[in-house]
Amino acid sequence: MSNDHYTKPSVSYKSNAELIDQETRQRIGVSALAGKENITNLSRQHGASRKFVYAQKDKVSTALNEAFSECEKDSDVLFYIPVIKAWLQQVVLMLILACHSSYGGVIEFFRDVFDQRICKGSIFNIVQNALKKTGQINKSQDLSSIKVGDHDEIFQNRIPVLVGCNVESTYTYLLKQEEHRDTTTWVTW
Numbered sequence: 003m004s005n006d007h008y009t010k011p012s013v014s015y016k017s018n019a020e021l022i023d024q025e026t027r028q029r030i031g032v033s034a035l036a037g038k039e040n041i042t043n044l045s046r047q048h049g050a051s052r053k054f055v056y057a058q059k060d061k062v063s064t065a066l067n068e069a070f071s072e073c074e075k076d077s078d079v080l081f082y083i084p085v086i087k088a089w090l091q092q093v094v095l096m097l098i099l100a101c102h103s104s105y106g107g108v109i110e111f112f113r114d115v116f117d118q119r120i121c122k123g124s125i126f127n128i129v130q131n132a133l134k135k136t137g138q139i140n141k142s143q144d145l146s147s148i149k150v151g152d153h154d155e156i157f158q159n160r161i162p163v164l165v166g167c168n169v170e171s172t173y174t175y176l177l178k179q180e181e182h183r184d185t186t187t188w189v190t191w
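Note that the working numbering has the sequence shown beginning at 3, numbered continuously upward.
Right, dumping it as structure tokens:
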């Protein structure tokens, strides 16, 4: 029997591989990819499995391919959006509600991004139509399951907004803009 056979290390390959730092992993991958040493020798040298060495080789190969690939140019079209009136109305609502944009900001966005004009009156009408629809939806909500509500006020452009929230589910059942935030206003709700 030959004495040059490989004996299994006392520590498992997996635990050794977990201890190998990033720089060494890169060197293992580069050596494996370059073919300087065979995979078995690299795995023995670092006390790691051949599977681990192949994985490092694949990572290095992927990184090189990505570095030298012809990637998308910034001018390449990524996708197309069918721009219809309803979509533009959705953009207006997103700018106002999600981005907290002013009407002037919406006008600026349309001018700079879409090279289109939109007037304050159109923005106002879009917002009012959305408010009417949401008002109808809100009125149809069954609030009988709400046992405990938490009430507070927040401010939108320095105007008080009464807020009512279901404590159990955090469902907001009241957002009402008011002129005052006094006791009389709250008592009516």
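Glycine included, each C-beta is placed from N, C-alpha and C at the ideal position. Computed from a predicted model, the values in this text were never measured in an experiment.
query, result
"Which of helix, strand or coil does DSSP assign to Val165?", "strand"
"According to DSSP, is Gln179 helix, strand or coil?", "strand"
"Look up Trp89 in the DSSP assignment and say whether it is helix, strand or coil.", "helix"
"Going by alpha carbons, who is nearest to Thr185 out of Gly151, Thr64, Leu164?", "Leu164"
"Which residues does DSSP pair with Gln158 in a beta bridge?", "Ile161"
"Is Ser146 buried or exposed, if buried means 16 or more other CB atoms sit within 10 Å of its CB?", "exposed"
"Taking the C-alpha atoms as reference points, what is the distance between Ile125 and Phe157?", "22 Å"
"Under 8 Å between the Cβ atoms of Tyr175 and Gln138?", "no"
"With Thr64 as the anchor, note down where its alpha helix (DSSP H) starts and where it stops.", "52-70"
"At the level of alpha carbons, what is the spacing between Gly151 and Ile109?", "39 Å"
"I'd like to confirm the pairing. Which residues does DSSP put opposite Asp152 in its beta bridges?", "Cys167"
"Which value, in whole angstroms, describes the spacing of the CA atoms of Val13 and Gly37?", "Interpretation of Val13 is limited by its pLDDT of 47, a score under 50 that renders its predicted location unreliable; the figure taken from the coordinates is listed afterwards. Cα-Cα distance, rounded: 27 Å."
"Look up Cys101 in the DSSP assignment and say whether it is helix, strand or coil.", "coil"
"Run the CB neighbour count on Leu59, radius 10 Å, all protein chains shown included, and call it buried at 16 or more, exposed below.", "First, the amino acid is wrong: residue 59 is Lys here, not Leu. Its Cβ being crowded by 16 or more others within 10 Å, Lys59 is buried."
"Quick check: the region 50-67 against the region 87-95, are at least 3 beta-carbon pairs closer than 8 Å?", "no"
"By Cβ distance below 6 Å, which residues in the same chain neighbour Met3 in space, the five residues on each side in sequence not counted?", "The predicted position of Met3 is uncertain, since its pLDDT is 47 and thus under 50; no value can be drawn from it."
"Taking the C-alpha atoms as reference points, what is the distance between Ala50 and Thr64?", "21 Å"
"Figure out for me which residue from Lys53, Ser77, Val32, Arg27 has the closest Cα to the Cα of Leu66.", "Val32"
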